[in-house]
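Structure first, then comments.
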Amino acid sequence: MDDLFVRVITKMILPFIQLYGIYVIIHGHLSPGGGFSGGAIFAASIVLYTLAFGLKSGQKRMPHGVSSKIETGGILFFILVGFAGIAAGYNFLTNQEAGFPMGQLGSVFSAGLIPIVTIAIGLKVMSTIVTLFHTMLEEEE
C-alpha cells in the first residue's frame, strides 16, 4: 500500500497495539484475555505493519526464521512448564498442589504457573498467525 497517511498512522499506533497485546497476555489470569487473545492482538500489529509497508518490510520486522523459532520455543516452554508438575510428583500442568507459589489474590504474580503458561501460549499464537499471514502473501506474489 502506497498511502503515506496509513504508514504514518501505523508507525504511531504500532507500539500501543503491541503494548496492549502484552498487557492482555500478562493479565490473562486476572481479566478476560490471555495467551490466545493477546497473541492475536500482537500478531495483528505485525500484520498491520506488513499491510502498510509491504511484505519485504514485514519479513524484516519478523523474519520467518525468528517466527519459526518463537513458535517452537513457545510450545516447548509450555510443555516444560507442564513437566514441572510431573517433576514435583503430580500431574502434567499441576499448579497449587505441586507447591508452586500462588502469590496474592488479584496481583500479576498470582496463580502460580498459569501466567507463565499464558505467555508461552501468547508467543505460540503470535508467531503462528504471523507465519501464516506471511506465507499466504508469499504464495500470492
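Sequential numbering from 1090 applies to the sequence shown in my numbering. Where is the CB? At the ideal position from N, CA and C, for every residue including glycine.
**Request:** Identify, in the order they occur along the chain, each residue of the same chain with its Cβ nearer than 7 angstroms to the Cβ of Y1109, setting aside the five sequence neighbours on each side.
**Result:** I1130
**Item:** N-terminal and C-terminal residue of the alpha helix (DSSP H) that Y1179 is part of
**Value:** Run containing Y1179: none; DSSP gives neither H nor E here.
**Message:** I need the straight-line Cα distance from V1219 to E1186, nearest angstrom please.
**Reply:** 36 angstroms
**Request:** Would you decide whether S1120 is buried or exposed? Buried here means 16 or more other CB atoms lie within 10 Å of its CB.
**Result:** exposed
**Asked** Span of the alpha helix (DSSP H) holding P1152?
**Response** From DSSP, P1152 is part of no alpha helix (DSSP H); its letter is neither H nor E.
**Message:** Taking only three categories from DSSP, how would you classify L1140?
**Reply:** helix
**Item:** Helix, strand or coil at A1200 [DSSP, three-state]
**Value:** coil
**Prompt:** Whose C-alpha, out of T1161, V1097 and P1104, is nearest the C-alpha of L1212?
**Reply:** T1161
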